[in-house]
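Worksheet: the structure to be examined is printed underneath.
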Amino acid sequence: MKVSEGIKEYFGNIYESVTTISMGMWITFKTAFFERKVTLQYPSHDILEGKTKEASLPSKKNLKPPFEPLLGASQQNYKGPLNAQLPERYRGLLGYDELKCISCLLCAQNCPIDVIRVRGVKIEGRKGKAPTTFRIDYSKCMFCGLCVEVCPTDAVFFTRQFEGATFEYRTLIREFISPALHLERLQLAEVAKKKAIEKKKKKHESEEKEH
Amino acid sequence: MENLVNDLFGQFAFLQKLGYVPTAAIVMLTCALIVLNFFGLMSGLFTFFERKVAGWTNARRGPNRVGPYGLVQFMADGVKLILKEDIIPAAADRSIFKFAPYLLLLGTALSFVVIPFGPTWIIGDLNVGVLYLLATGSFTVVGLIMAGWASNNKYALLGGMRSAAQIVSYEIPNALAILVVVLTAGTMSMQGIIRAQAGGIHHWFLFSSPFSFLAFFVYFVSAIAEINRVPFDIPEAESELVAGYNIEYSAMRFGVFFAAEFGNIYVISAVAVTCFLGGWQIPFLDVTDLGQLGRGFGGFLGRPLVLMVLLLAALAASFLAWKALRAFFWDLRRKWAFFGSRFVRVHSELLVLGLLFAGGALIMALHLPLRAYLSTIYWAFFQYLLPFLVFFGKAMLLSFVVLWWRWTLPRLRVDQLMGVCWKYLIPMGFACLVGQGFWVCFLS
């Protein structure tokens, strides 16, 4: 290599480093100060219901201080409620339709980690058994979907809810049937039992009479 | 009142009967308290600032949850780090392992002693100030090698060795660039260097000659390399060395490493501002005695026309403050949380402005009777606070550039790093030195 070429390369390197560094810095500068922020400030500026949370929940508990004003960026990126954007077969929290359930215990039996507990009683005017207890322990659930698959009446299904985080462990055990309904069911069951016994007696008596 | 140490000796004169040693001890402790508190605050704020800049360059928002604009984030981080378990590896050299981060911290904290904040705001204005800075900067090497060696981890050791190679090499261009400044200013004292740049922006060493202009870049690049910042952070290169010298550190010892690193950012920016950007000299304002300007201002504000305009502004501001206060009570009636309320979200700036101007109005009303006292306040503002704000603003601007570089440039390879130092920066430094010598001799 000639000396002149070496000198050319040397100063060329300096020139190149200065220009490329300033180009890179201009790019980051543009991004930092002139580009729209892409952040969706999720918990405080919620997009689940298509509006900000503090607008929907004006209580002390749910308010988080949004010190930086919402500058329209999130609205720009807003593509409708987040639930609606989720895929068709999204496995969110488990849902349960008490009216459809026949307490067949298939879900409880199929559950690989015994997360589901179902109890049912026979009451009048309802096919199968009516559930008195339906409990899912979300702290153990792995959302495998076997219960959903096996349910004959589609009473257990996946919702699109995914905000399952809580501050206390025990709140993850979710009761789907309220204590009031539970008691009502038990009473109805006793009524049904009595009626059945009476029916049986009547039947017995009528049979005896026939004899 | 040249510097804080002398001033404090004056303030504690009543302790003289205790003897010289106790007085000196109290003065030293006070200075240490000031330095360490400022250092802690700065490094804490820089962790926040770094994350904020990282967010901006990625089109994110950065931390904004803890405190206003996320400003208190660093305190939360600090509390977290202090509460975590401090793990020391069984095979580590315990005493050295424990001591290394504090040595690093010591080097940074000592640098704060000679950093000026105003014509009189400096802990100790040493006549070898710049040399002292170069010396304290070298504590970093010792600390890093000790950390790397004591960890008993090959990655840590490699990181330590790399840092030694890097810092020792980069000290040469660093010193050369500072030598250019010393040559021009004719003094090594930090205040002396700043005073040598008095008289407008074209007297700042950055713009006074082409050689010192180049020297500024030599200094800045080599200083960034000396504090192990990206793009020169090969001692802690994640992709090669996991975390480098601090791989075995946890809890607050780890935090201390980072406190030192972030404190160093402020130190190098402050030194760059002192040596090249005129320190606390105000741009476009050729004033030697700022206090005189303040005294003049007191008279200026006393003029009737000025007073009228200011009163009108104060009235408008009071109206704004009234609106903001109304929003505040609107929130209170609805029992909303204060900080999440409509008032804070919508009217916070309004309220601050309003209160500021209303306060101004109050001062206006009291101005004429209190003119004698107020002129002292103006004088104090121009003498102390304005230079401080100017210096701090310049330093923060340069620190922003340091952070900006981190989020722009990729890391250099080891051979490239050495190439930049030995092939480019050192020859450039020498060229600057020689050129500046001629410039000083013949052209000025």
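So the protein lines, in turn, are chains U and D. For the first sequence, our numbering begins at 22 and goes up steadily by one. For the second sequence, our numbering begins at 274 and goes up steadily by one. Every residue, glycine too, gets a C-beta built ideally from N, C-alpha and C. This one's a predicted model, so the numbers in the text were calculated from it and none came from an experiment.
Per DSSP, what kind of secondary structure is residue i in: helix, strand or coil?
i: D:D688; result: helix
i: D:D280; result: helix
i: D:G391; result: coil
i: D:G421; result: helix
i: U:E56; result: coil
i: U:G146; result: coil
i: D:R367; result: helix
i: U:E231; result: helix
i: U:A186; result: coil
i: U:A151; result: strand
i: U:L115; result: strand
i: U:I157; result: strand
i: U:E196; result: strand
i: D:V339; result: coil
Please report the distance separating the alpha-carbon of residue i from that of residue j.
i: D:T393; j: D:L277; result: 7 Å
i: U:G33; j: U:S25; result: 12 Å
i: D:S495; j: D:E444; result: 7 Å
i: U:I28; j: D:F319; result: 41 Å
i: D:V675; j: D:I538; result: 7 Å
i: U:G93; j: D:A597; result: Caution applies to U:G93, whose pLDDT of 40 falls short of 50 and renders its modelled position unreliable; the value that the coordinates give is listed next. Rounded to whole angstroms, U:G93 to D:A597 spans 23 Å at the Cα level.
i: D:F592; j: D:F655; result: 30 Å
i: D:W329; j: U:W47; result: 13 Å
i: U:F54; j: D:G343; result: 18 Å
i: D:K353; j: U:L204; result: 48 Å
i: D:D688; j: U:S160; result: 53 Å
i: D:G536; j: D:L456; result: 28 Å
i: U:R147; j: U:A210; result: 11 Å
i: D:S384; j: D:C304; result: 13 Å
i: U:K220; j: U:E231; result: 16 Å
i: D:V515; j: U:C128; result: 47 Å
i: D:L550; j: U:E184; result: 53 Å
i: D:G340; j: D:G633; result: 28 Å
i: D:A589; j: D:R599; result: 15 Å
i: D:A545; j: D:K290; result: 42 Å
i: U:G149; j: U:I137; result: 19 Å
i: D:A298; j: D:G380; result: 21 Å
i: D:L449; j: D:A429; result: 31 Å
i: D:N426; j: D:P389; result: 40 Å
i: U:G71; j: U:T187; result: Per-residue confidence for U:G71 stands at a pLDDT of 42, beneath the threshold of 50, marking its modelled position as unreliable; the derived number appears in the next sentence. Going by the C-alpha atoms only, they are around 23 Å apart.
Please look up how many angstroms separate the CB atoms of residue i and residue j, rounded, as I've assumed it's under 8 Å.
i: D:F664; j: D:W595; result: 37 Å between Cβ atoms; not a contact.
i: D:I395; j: D:C548; result: Not confirmed; about 15 Å, so no contact.
i: D:T413; j: U:G45; result: At roughly 27 Å, the Cβ-Cβ gap does not stay under 8 Å, so D:T413 and U:G45 are not in contact.
i: D:F282; j: D:L377; result: Not confirmed; about 31 Å, so no contact.
i: D:A524; j: D:K357; result: 4 Å
i: U:V59; j: D:A332; result: 5 Å
i: D:Q346; j: D:F484; result: D:Q346 to D:F484, Cβ: 42 Å. No contact.
i: D:P504; j: D:P683; result: 6 Å
i: D:S672; j: D:S542; result: 4 Å
Would a check of beta-carbon distances place residue i closer than 9 Å to chain D?
i: U:T49; result: yes
i: U:Y36; result: no
i: U:V59; result: yes
i: U:A186; result: no
i: U:E26; result: no
i: U:F178; result: no
i: U:T52; result: yes
i: U:Y117; result: no
i: U:M46; result: yes
i: U:I157; result: no
Step through the CB atoms of chain U and report whether any lies within less than 9 Å of the CB of residue i.
i: D:L670; result: no
i: D:V326; result: yes
i: D:A332; result: yes
i: D:T320; result: no
i: D:K427; result: no
i: D:Y697; result: yes
i: D:L690; result: no
i: D:T681; result: yes
i: D:W477; result: no
i: D:W678; result: yes
Should residue i be counted as a contact of the ligand ZN given a C-beta to heavy atom distance under 8 Å?
i: D:V454; result: Absent from the structure shown: the ligand ZN. Ligands present: none.
Inset, instruction - Count the C-beta pairs between the stretch 688-702 of chain D and the stretch 463-483 of chain D that are closer than 8 Å, then say yes if the count reaches three, no if not. - result: no
Legend entry - At least 3 beta-carbon pairs within less than 8 Å: the stretch 703-715 of chain D vs the stretch 483-493 of chain D: yes
Legend entry - Inter-stretch contact at 8 Å, needing at least 3 Cβ pairs: the stretch 107-114 of chain U / the stretch 135-145 of chain U: no
Legend entry - the stretch 426-436 of chain D in contact with the stretch 502-513 of chain D per 3-pair CB rule at 8 Å: yes
Legend entry - Three-pair Cβ contact test at 8 Å for the stretch 352-368 of chain D versus the stretch 397-410 of chain D: no
Inset, instruction - Indicate whether the contact test is met: 3 or more Cβ pairs, each with one atom in the stretch 119-128 of chain U and one in the stretch 162-182 of chain U, closer than 8 Å. - result: yes
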